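For reference, the structure discussed in these notes is given below.
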Amino acid sequence: MRFAAIADIHGNALALEAVLADIAEQGIATADIVNLGDCLSGPLEAGRTADILVPLQLVTVCGNHDRYLVEHAAGDMHEWEADAYAELSPAHLDWLKSLPFDAVFRDVAYLCHATPHDDNTYWLEQVSSQGHVHLRDPATTEAWAAGITQSLIICGHTHIPRAVQLSDGRLIVNPGSVGGPGYTDDAPHPHKVEAGLPHASYAILDDASGRWSVTFRLVPYDHMAMSRLATERNRPAWASALATGFVRG
1 MRFAAIADIH
11 GNALALEAVL
21 ADIAEQGIAT
31 ADIVNLGDCL
41 SGPLEAGRTA
51 DILVPLQLVT
61 VCGNHDRYLV
71 EHAAGDMHEW
81 EADAYAELSP
91 AHLDWLKSLP
101 FDAVFRDVAY
111 LCHATPHDDN
121 TYWLEQVSSQ
131 GHVHLRDPAT
141 TEAWAAGITQ
151 SLIICGHTHI
161 PRAVQLSDGR
171 LIVNPGSVGG
181 PGYTDDAPHP
191 HKVEAGLPHA
201 SYAILDDASG
211 RWSVTFRLVP
221 YDHMAMSRLA
231 TERNRPAWAS
241 ALATGFVRG
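Printed below as a string of structure tokens:
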């Protein structure tokens, strides 16, 4: 079996188009793509991204920012959701409401956005009180995987391409972010997550050898067009991350 995993598009339609084209060039069909959520939130092109995604009918799980778009009142939304909400139709919101918390893909891969218990907690990384993002302690990573029988586990949320092997041989994979190469957050401590380059990221999973192999694909696209759009919409942190892969200022 060979399939692709995407995550954290965040309304970046140009990055999504580039990734979908690259996936097709690798000989992978649309039906063989899974999506780990956080699809639309951000100051970019939420409506156009939804118009691309919804008809594809990908196996998709709900991310925390997808949930915020349908749970929070319009006047109480964080700027990421407020920017996106204005571009979304009732049909787009209904699609978000239909997304499950987690899923199993073809009996071989367990899918969730962040962890099996919480859509807003880093699974493979943790944040120190000084704001340093580093690998989570193995015991906790293992404990959160308890009860999952699939040999492959796929999550998103941190925007960092990473694979961690558990002691029993199961593999947890984060494909990185299609559309958001950097961001800042206040929880659990103020910190930055930075990919270090502006490319769109996804992963290819292959078990042709009887064991899962992972290929991370970093895809160039017209990232400066998205950076300029973020600047026009007065989102300087987004503009910096989209231009460089770093959050400056």
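Each residue of the sequence shown is one higher than the last, beginning at 1 in the UniProt record's numbering. Virtual Cβ for every residue (Gly too), placed ideally from N, Cα, C. These numbers come from a predicted model, not from an experiment.
For VAL127, the enclosing beta strand (DSSP E) begins and ends at 125-127.
As summarised for the stretch 141-221, there are no continuous alpha helix (DSSP H) elements at least 4 residues long confined to that stretch.
Non-local beta-carbon contacts of ARG233 in its own chain, meaning distances under 6 Å to residues more than five positions away in sequence, involve PRO43 in chain order. The beta strand (DSSP E) runs lying completely inside the stretch 63-96 and spanning 3 residues or more number zero. Non-local beta-carbon contacts of ARG170 in its own chain, meaning distances under 8 Å to residues more than five positions away in sequence, involve ALA145, ILE148, GLN150, SER151, LEU152, ILE153 in chain order.
Straight-line measurement puts the Cα of ASP207 at about 13 Å from the Cα of ASP107.
Nearest Cα to ASP38 within the set VAL133, TYR110, ALA225, LEU53: LEU53. Residue state for ARG2 is assigned as strand, using DSSP reduced to three classes. ASP102: member of the beta strand (DSSP E) spanning 102-105, first to last residue.
Burial is judged here by how many other beta carbons sit within 10 angstroms of a residue's own beta carbon; LEU20 has at least 16 and is buried.
If you compare the alpha carbons of ALA7, THR121, LEU135, ARG2 with that of ALA29, the shortest gap goes to ARG2. Rounded to whole angstroms, the separation of the alpha carbons of ALA74 and ALA31 is 34 Å. According to DSSP, HIS134 shares a beta bridge with GLN126.
Going by DSSP, LEU16 is part of the alpha helix (DSSP H) stretching over 13-25. Looking from the CA of TYR85, the closest CA among PRO100, TYR68, SER98, LEU99 belongs to TYR68. The beta carbon of GLN130 sits closer than 8 Å to the beta carbons of HIS189 from its chain, once the five residues preceding and following it are set aside; these are given in chain order.
Distance from the CA of CYS112 to the CA of ILE33, rounded to the nearest whole angstrom, comes to 14 Å. Residue pairing by DSSP places ALA109 opposite PHE105, LEU152 in a beta bridge. With contacts defined as CB atoms closer than 8 Å, VAL59 and LEU124 fail to qualify as a contacting pair.
DSSP places THR30 within a helical segment (H, G or I) once states are collapsed to three.
Beta-carbon to beta-carbon, HIS92 and GLY63 are separated by about 15 Å, too far to satisfy the 8 Å threshold. Following the DSSP letters along the chain, one finds PRO55 inside the alpha helix (DSSP H) bounded by residues 46-56. Boundaries of the alpha helix (DSSP H) harbouring HIS223: 223-232, taken from the DSSP string.
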